[in-house]
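Chemist: Encoded as structure tokens, here's the structure I'll be asking about.
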Amino acid sequence: MADKVWRIGVAGLGTVGAGLLKFLGERPDFAPAGGRAVIAGVTARSRSRPRPVDISGFRWFDDPVALAASPDIDLFVELVGGSDGTAKAAVEAALNAGKPVVTANKALIAEHGLELAQLAEAKGAPLVFEAAVMGGTPAVKMLREGLVGDEVDSIAGILNGTCNYILTEMEASGRSFAEVLAEAQAKGYAEADPTMDVGGFDAAHKIVILAALAFGAAPNFAAAEIEGIDKIELVDIRLAHDLGYRIKLIASASRQDGGGVVKIAPALVPLDHPLSQAGGALNALFIEGRRIGRIFLQGPGAGAGPTAAAVAADIADVMAGAVRPVFQRKADSLKLLAAGDGGDGTIRAFVRALVRDRPGVIAAVTEALAKAGVSIDSILQRPVNSSGVVPIVLTTQPASEAAVADAIDHIAALDAAVERPRMIRLARI
């Protein structure tokens with residue numbers, strides 16, 4: 000294949016697609032195994048939209064499915080996005096035609112990975128998706144290739160740059176979630192509808208993919224436990240910092256019963272921990288293997304350059320003739336990722352109670368925890384205004400989730416309670 004010309008069809012000409020066209024235009028012979036990659040067709044929602052790259056010299060397709068099935072391309076790149084509709088139909092059309100598919104579509108792989116893997120393997124067509132997780136930081140390749148000689152027990156990290164940016168800016172500037180989100184939208188870091196990011200769904204798509212690769216399982220997005228950052232308040236960030244922690248949106252997965260379980264939720268991370276120190280829009284990930292120990296990856300999770308580089312790396316693998324199961328094992332033998340907490344049900348928790356400033360209120364809070372069988376690790380009270388209402392914040396010793404929930408019910412029932420207490424888990428990393 001050293002002298003083969005690979006005709007590439009690209010669907011989706013946004014930031015990443017434009018970056019890929021620019022790269023391949025400058026370096027068509029980039030692949031280490033030889034051969035040349037040339038653009039043979041493109042498609043997007045709008046042909047006339049202004050772009051940083053000239054597309055007038057490329058054959059235009061109005062329909063991504065027609066491009067995917069065209070006999071004039073050898074490899075299909077899907078950058079449309081979305082778990083269903085055009086993106087899914089186009090990928091299926093390419094695979095049915097026996098064409099390799101490179102995609103950056105995390106939602107598609109997380110929600111339909113098993114059926115697409117079965118189709119790809121039935122047709123003998125590679126399906127690769129390095130760019131779907133952590134942009135140009137090679138998390139997918141690490142799990143899919145680098146760690147096949149090990150057995151991964153757990154993975155955990157920061158997989159959404161928008162959430163990480165918002166939490167970092169809230170802490171640094173002292174502004175509210177709503178204020179920082181509005182700024183992130185104005186700068187283009189967050190979408191007009193930010194639900195996919197701040198609701199935790201984007202990170203969930205990514206950790207589901209990584210968990211499937213890590214545990215040799217089938218993606219099962221429906222089983223992921225998802226909580227976003229939209230309820231995090233500035234007072235939580237400040238009080239967590241006073242206790243020696245920083246709040247991060249942590250996506251985690253752990254091996255269980257031949258598969259794995261997945262959770263996405265805000266969590267407290269010690270200030271000196273590498274995940275705590277990954278600020279701004281950075282992504283960061285820990286991988287725990289039985290033989291190799293802990294591996295830490297950190298890098299940009301998005302952007303034209305990094306993500307287009309990941310797409311190009313997948314194209315190079317296809318050009319080199321790399322063949323492997325989509326999720327480590329043959330698709331028909333995969334177990335679905337399971338639902339559950341992935342552990343023994345024991346947690347350490349940060350609990351913030353907003354109470355009326357009365358004598359004996361701290362004693363009442365501690366008594367409520369004692370009734371539920373929850374021991375306190377640390378506790379502090381910080382007046383924040385002159386309204387007569389104060390937050391009491393504490394961290395617990397390890398306790399069952401049921402006991403912590405019971406303790407919160409007891410605190411919420413106190414006469415001094417202004418609202419239901421806020422609970423955030425301490426990260427198990």
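Under numbering that gives the first Met the number 0, read the sequence shown as residues 0 to 428, first letter to last. Yeah, the Cβ is synthetic: ideal placement off N, Cα and C, and Gly gets one too.
#1: In the structure shown, what three-state DSSP assignment does Asn-282 receive?
#2: Counting C-beta neighbours from all protein chains within 10 Å, is the total for Lys-329 16 or more, i.e. buried, or is it exposed?
#3: For Gly-387, does the three-state DSSP call read helix, strand or coil?
#4: According to DSSP, is Met-422 part of a helix, a strand, or is it coil?
#5: Leu-171 to Arg-427, Cα distance in whole Å?
#6: State yes or no: is the C-beta of Arg-245 within less than 8 Å of the C-beta of Leu-281?
#7: Take Gly-190 as the anchor and find which of Asn-159, Ala-217, Val-207 and Phe-220 has the nearest alpha-carbon.
#8: Relative to the alpha-carbon of Pro-218, which residue among Glu-224, Val-207, Ile-228 and Glu-226 has its alpha-carbon at the smallest distance?
#9: Name the DSSP beta bridge partners of Leu-393, please?
#10: Here's the rule: buried if 16 or more other CB atoms are within 10 angstroms of the residue's CB, otherwise exposed. What is Phe-349?
#11: In this structure, does DSSP put Asp-414 in helix, strand or coil?
#12: The alpha helix (DSSP H) that contains Ala-93, what's its start and end?
#13: In three-state terms, what does DSSP make of Ser-153?
#14: Figure out for me which residue from Ala-398, Pro-358, Gly-199 and Val-325 has the closest Cα to the Cα of Pro-125.
#15: Quick check: the region 255 to 268 against the region 217 to 231, are there 3 or more CB pairs under 8 Å?
#16: Classify Val-268 as helix, strand or coil using the three-state DSSP reduction.
#17: In terms of residue numbering, what span does the alpha helix (DSSP H) encompassing Lys-230 cover?
#18: When the Cβ atoms of the region 33 to 40 are set against those of the region 49 to 66, are three or more pairs found closer than 8 Å?
#19: Within 10 Å of its beta-carbon, does Phe-22 have 16 or more other beta-carbons around it, so buried, or fewer, so exposed?
#20: What's the C-alpha gap between Gly-24 and Val-52?
#21: Quick one: using the 10 Å Cβ neighbour count with 16 as the cut-off for buried, is Arg-77 buried or exposed?
#22: According to the neighbour-count rule (16 or more other Cβ atoms, all chains shown, within 10 Å of its Cβ), is Glu-366 buried or exposed?
#23: Once the 5 residues before and after Arg-347 are set aside, which same chain residues still bring their CB inside 6 Å of it?
#24: Where Tyr-188 and Ala-402 are concerned, what is the direct C-alpha to C-alpha distance, given to the nearest angstrom?
#25: Express the C-alpha separation of Ala-155 and Gly-342 in angstroms, rounding to a whole number.
Modeler: Put simply:
#1: Here residue 282 corresponds to residue number 283 of the sequence shown, with the count starting at 1. In this structure, Asn-282 counts as strand in the three-state DSSP scheme.
#2: Residue 329 sits at position 330 when you count from the first residue of the sequence shown. Counting C-beta atoms within 10 angstroms of its own C-beta, Lys-329 has fewer than 16 neighbours from the protein chains shown and is therefore classed as exposed.
#3: Taking the first residue of the sequence shown as position 1, residue 387 is located at position 388. Here Gly-387 sits in coil by DSSP.
#4: For the purposes of this step, residue 422 is taken as residue 423 along the sequence shown, with counting starting at 1. Assignment of Met-422 by DSSP, reduced to helix, strand and coil, places it in the strand class.
#5: As a working mapping, residue 171 is identified with position 172 in the sequence shown. As a working mapping, residue 427 is identified with position 428 in the sequence shown. The identity of residue 171 in the sequence shown is Ala, whereas the question assumes Leu. Using only the alpha carbons, I get a separation of about 25 Å.
#6: Indexing the sequence shown from 1 puts residue 245 at position 246. Indexing the sequence shown from 1 puts residue 281 at position 282. Their beta carbons are not under 8 Å apart, which means Arg-245 does not touch Leu-281 by this criterion.
#7: Along the sequence shown, read from residue 1 onward, the residue named residue 190 stands at position 191. Note on identity: in this sequence residue 190 is Glu, with Gly being the wrong assignment. Among Asn-159, Ala-217, Val-207 and Phe-220, the Cα nearest to that of Glu-190 is on Asn-159.
#8: Walking along the sequence shown from the start, residue 218 turns up at place 219. Comparing Cα positions, the closest option is Val-207.
#9: Position 394 of the sequence shown, counted from the start, is the residue given in the question as residue 393. In the DSSP secondary-structure assignment, Leu-393 is bridged to Val-350 and Ile-378.
#10: Looking up residue 349 in the sequence shown gives position 350. Answer is buried; the Cβ neighbour count reaches 16.
#11: The residue you call residue 414 lines up with position 415 of the sequence shown. Asp-414: coil per DSSP, three-state reduction.
#12: Position 94 of the sequence shown, counted from the first residue, corresponds to residue 93. For Ala-93, the enclosing alpha helix (DSSP H) has its first and last residue at 84 to 95.
#13: Counting from 1 along the sequence shown, the entry for residue 153 is found at position 154. Correct three-state label for Ser-153: strand.
#14: Numbered from its first residue, the sequence shown carries residue 125 at position 126. Distance check between Pro-125 and each of Ala-398, Pro-358, Gly-199 and Val-325 places Val-325 closest, using alpha-carbon atoms only.
#15: At 8 Å Cβ cutoff, the stretches touch.
#16: The residue you call residue 268 lines up with position 269 of the sequence shown. Val-268: strand per DSSP, three-state reduction.
#17: Residue numbering aside, residue 230 sits at position 231 when the sequence shown is read from its first letter. Neither: Lys-230 is in no alpha helix (DSSP H) and is coded neither H nor E.
#18: Touching, yes, given that three or more Cβ pairs across the two stretches are closer than 8 Å.
#19: For the purposes of this step, residue 22 is taken as the residue at position 23 of the sequence shown. Label assigned to Phe-22: buried.
#20: Translated into the one-based positions of the sequence shown, residue 24 becomes position 25. Translated into the one-based positions of the sequence shown, residue 52 becomes position 53. Take the alpha-carbon of Gly-24 and the one of Val-52: they are about 10 Å apart.
#21: In the sequence shown, residue 77 corresponds to position 78, counting from 1. In the sequence as displayed, the identity of residue 77 is Glu instead of Arg. Its Cβ being crowded by 16 or more others within 10 Å, Glu-77 is buried.
#22: Counting from 1 along the sequence shown, the entry for residue 366 is found at position 367. Under this definition Glu-366 is an exposed residue.
#23: As a first step, residue 347 must be located in the sequence shown, where it is residue number 348. Only Thr-395, Pro-397 and Leu-425 meet the Cβ criterion.
#24: For the purposes of this step, residue 188 is identified with residue 189 of the sequence shown, where counting begins at 1. For the purposes of this step, residue 402 is identified with residue 403 of the sequence shown, where counting begins at 1. Just so you know, the alpha carbons of Tyr-188 and Ala-402 end up roughly 39 Å apart.
#25: Locating residue 342 in the sequence shown gives position 343, where the first residue counts as 1. Locating residue 155 in the sequence shown gives position 156, where the first residue counts as 1. Any reading at Gly-342 must be qualified, since the residue scores a pLDDT of 47, below 50, and its modelled position is unreliable; no value is offered.
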